[in-house]
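One structure is given below, encoded as structure tokens.
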Ligand code: AMP
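Residue numbers (this note's numbering): 2 to 580.
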């Protein structure tokens, strides 16, 4: 009954897929350059109204694969629930809600609400009643709502089951049946799952109509001569991890891959600030400038290029010893293609990969398809970094010490006389000068490169009914308006624990000013030039809001945002004093 589409079609640009202009504008704002393979295949099917089964794991871009076409098809002027996305965990529900909000940033009438256990039900229900068009929910909590308000889902036109296999593993089968029964039969249903066991096929048989099946073909790939390693890291620790790894990796030239234009700029800027010869390469860069960058990489005026996949297409520089997958590729083919940029001309190459906790499965898929284990490495600590710095300095000085032709004998005599110092004093002064900006003591390195505290695995446990033993601290970004805290006394509740490397900032704008999380997010992303990952949790209160922002560079960020207005009012973001 289902039609399988296995081949990855040629990539068509986003603007040929029939998406709504507001959605296209939002995609440009978040910096996506071209659709991922799963998006290329799914978007036209969903736009054409088909039910669909997508076999894809986290990291393939599956959220946008369903969110973009669905947002393009809803009736933004109808203030009623039209889209229901079911996700297995609170963490995923919050992420999907935040993604919907960023894709709907140019659709002012569209609201998104996240429904999950461990948070009060009142505000969640109120957001649905107020006409949020998109509901992103964990099944358990949604069933709780349904038991009190049976008609809640009667206007749903689009249903998405995200990570369906995970939902079944977590025992949500019965809840799913209750939810199916509470929804109109006339609807479009899309199911995404990393695996398609018979239980999932059973659900599809029963609840989907003539579904089209989309799958990214995974041909076995060979990767020879490339030494591969991966490092587990949280998204907001990536820049720090890149800086540390570069200290200890012995590279000649490197290409770093990221997903968005903004990330190319952010990472290149962070590396440049540390003295690396680096450039960003993304789809916005004109062809002649792009050629200049590639030439500079070839002849050594640049050693690092941070690129999106689109911009790196066709880039072939034999000097490249390292490929750094700072963001995960969408599929194993793309991984193999990326790392093939090193190990050219019979040389050894090295490929590094940063993996966030949610991307573990993608790592396994890459390992399976390439038939190779990708060794796990740890973040180098201060001691290892110090040793690497001393080694580099030694290597740099060794040929000069042996150089009998050194032309500086006279200069040495002149300086020691002029400064009235010994050759040793002079050597120390010169060392201080050459090592400026780089600590050469353990203490100094530790201060310069703050230790990244290991954080727990991401929270993928099932949501519960009525908050059994759960708090609501798990996710980044409070999806939708579920966290308005409108219930008596909640304005003054204790602040949530801060994410790593973040500080809280406060604005006097809140619910009473008509501000939602997505308005703040959109304003800060657009005007602050930050990447999505840089912005942590957003809490909207009645008379103020709190936003987690990176501590590093905070002053300059706040100054960039000083004239920003949200909902027609001055944002006036200030660092929040936790006490
Ligand atoms: P997902 O598989 O939906 O969890 O997405 C994984 C990551 O890829 C998210 O950080 C998305 O923002 C990002 N992403 C999805 N689609 C694209 C795209 N077309 N271009 C760049 N980044 C993307």
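Just so you know, even glycine gets a beta-carbon here, dropped at the ideal spot from N, CA and C.
Please read these numbers as outputs of a predicted model, since none were measured by experiment.
Between residue i and residue j, is the Cβ-Cβ spacing less than 8 Å?
i           : j           : result
residue 116 : residue 107 : no
residue 261 : residue 282 : no
residue 541 : residue 518 : yes
residue 65  : residue 94  : no
residue 140 : residue 193 : no
residue 61  : residue 39  : yes
residue 154 : residue 183 : yes
residue 567 : residue 510 : yes
residue 270 : residue 164 : no
residue 339 : residue 248 : no
residue 245 : residue 386 : yes
residue 538 : residue 556 : no
residue 424 : residue 413 : yes
residue 144 : residue 186 : no
residue 205 : residue 166 : no
residue 276 : residue 438 : yes
residue 515 : residue 552 : no
residue 190 : residue 52  : yes
residue 316 : residue 295 : yes
residue 35  : residue 67  : no
residue 263 : residue 32  : yes
residue 417 : residue 427 : yes
Quick one: does the C-beta of residue i sit closer than 7 Å to a heavy atom of ligand 3?
i          : result
residue 37 : Here the bound small molecules are ligand 1; ligand 3 is not part of this structure.
Which same chain residues, not among the five before or five after residue i, have their C-beta less than 7 Å away from its C-beta?
i           : result
residue 268 : 240, 243, 257, 259, 307, 327
residue 534 : 236, 237
residue 343 : 227, 321, 322, 323, 324, 350, 351, 352
residue 468 : With a pLDDT of 35 at residue 468, under the threshold of 50, the predicted position of this residue should be treated as unreliable, and no value is reported.
residue 617 : Any property of residue 617 remains undetermined from this structure, which presents the chain solely from 2 to 580.
residue 573 : 508, 509
residue 513 : 543, 544
Whose C-beta lies closer than 6 Å to the C-beta of residue i among residues of the same chain, with five residues either side of it excluded?
i           : result
residue 142 : 116, 117, 118, 464
residue 353 : 230, 325
residue 13  : none
residue 381 : 245, 249
residue 156 : 81, 82
residue 168 : 89
residue 278 : 303, 304
residue 28  : 15
Residues in the same chain with beta-carbon distance under 8 Å from residue i, minus the five sequence neighbours each way, listed in chain order, please.
i           : result
residue 577 : 504, 505, 506, 507, 547
residue 363 : 58, 59, 60, 61, 329, 356
residue 377 : 230, 231, 232, 233
residue 472 : Any reading at residue 472 needs caution, since the residue's pLDDT is 30, under 50, leaving its predicted position unreliable; the model's value is listed next. Closer than 8 Å at the Cβ level, and outside the excluded window around residue 472, lie 119.
residue 408 : none
Is the CB of residue i under 8 Å away from at least one CB in chain B?
i          : result
residue 62 : The question asks about chain B, but that chain is absent: this structure has only one protein chain.
Report yes or no: do three or more beta-carbon pairs, one from the segment 91-106 and one from the segment 134-150, lie closer than 8 Å?
yes
Using 8 Å as the cut-off, can you tell me whether the segment 333-341 makes contact with the segment 208-215, which would need three or more C-beta pairs spanning the two stretches below that distance?
Inter-segment contact for the segment 333-341 and the segment 208-215 is absent: fewer than three beta-carbon pairs are separated by less than 8 Å.
Should the segment 315-322 be called in touch with the segment 245-254, which here means at least 3 C-beta pairs below 8 Å?
Segments in contact, yes.
At least 3 beta-carbon pairs within less than 8 Å: the segment 159-170 vs the segment 16-27
no
Return the chain-ordered ranges of every beta strand (DSSP E) run that is complete within the segment 515-567 and spans a minimum of 3 residues.
539-541, 546-551
Check whether the segment 45-63 touches the segment 75-83, counting contact only when three or more Cβ pairs, one atom from each stretch, lie closer than 8 Å.
no
Complete alpha helix (DSSP H) runs within the segment 278-308 (minimum length 4 residues, chain order):
288-300
So does the segment 556-571 actually touch the segment 523-534, counting three or more Cβ pairs closer than 8 Å?
yes
Complete beta strand (DSSP E) runs within the segment 110-162 (minimum length 3 residues, chain order):
113-116, 135-138, 159-162
Entirely within the segment 388-445 and at least 4 residues each: give me those alpha helix (DSSP H) ranges in chain order.
410-420, 424-435
Write down every uninterrupted run of the beta strand (DSSP E) in the segment 245-273 whose length is 3 residues or greater and which is fully enclosed by it, in chain order.
254-258
Please list the segments of the alpha helix (DSSP H) lying wholly inside the segment 73-114, counting only runs of 4 or more residues, in order along the chain.
91-104
Would you mind listing the beta strand (DSSP E) stretches within the segment 152-213 that are 3+ residues and don't spill past its ends, in chain order?
159-162, 189-194
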